[in-house]
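Here is the structure we will look at, set down as structure tokens.
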Amino acid sequence: MSAHKDNFHYSLPYTVPIRDINYGGHVGNDVFLSYFHEARIGYLKNLGYSELNIEGLGIILAKIELDLKAEIFHGDSLHLFCRVAEIKNTSFIMEYLVEKSPDITASIGKTVLVMFDYAKREIRKVPQSFRDKVAAFEHWAL
């Protein structure tokens, strides 16, 4: 897994609060997943969606990959980057990058998210309108 911030069109700033620090004195590995989650929520909101409403459907997290690259400490100013890297039939792949400074990447990661109809309790196809919005935002050639 590799990522470069120039490939991301969405990011948000984040200052590390004390609650993110573990007994080792740095951000715990589990907290990086929360950073990915914050970035994902912001990305979807930017497109007019939420995790529970993408054209009437929700998403379920099916897979997570996380590579840790550098320590992060209380008070560090981060940038959380995310993007949709690929859309499949019933799922889509998001990639993440947590930047500690312009020359230090703290972590990179990937999630597979499955479209889910919570009312019917079943997996559904990714809506075409979501595909179109993502393609436009990510500058994909159609």
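Okay, so the sequence shown: first residue is 238 according to my numbering, each after it adds one.
Backbone N, C-alpha and C fix where the C-beta goes; we use that ideal spot for every residue, glycine too.
Note that the coordinates shown come from a computational prediction; the quantities given were computed from them, not determined experimentally.
The C-alpha of Ile-330 is placed about 7 Å away from the C-alpha of Lys-347.
In its chain, beyond the 5 residues on either side, His-246 and Leu-284 have a beta carbon closer than 7 Å to the beta carbon of Phe-374. No Cβ-Cβ contact shorter than 8 Å links Ala-240 with Leu-315.
Taking all protein chains in view, the Cβ of Phe-269 is crowded by 16 or more other Cβ atoms within 10 Å, so the residue is classified as buried. Buried is the label assigned to Ile-296, since at least 16 other Cβ atoms lie within 10 Å of its Cβ.
For Phe-353, the beta-bridge partners assigned by DSSP are Gly-295 and Ile-360. Residue environment: Thr-342 is assigned as buried (16 or more neighbouring CB atoms within 10 Å of its CB, all protein chains considered). Between Tyr-251 and Glu-275 the beta-carbon gap is near 7 Å, inside 8 Å, which marks them as a contact.
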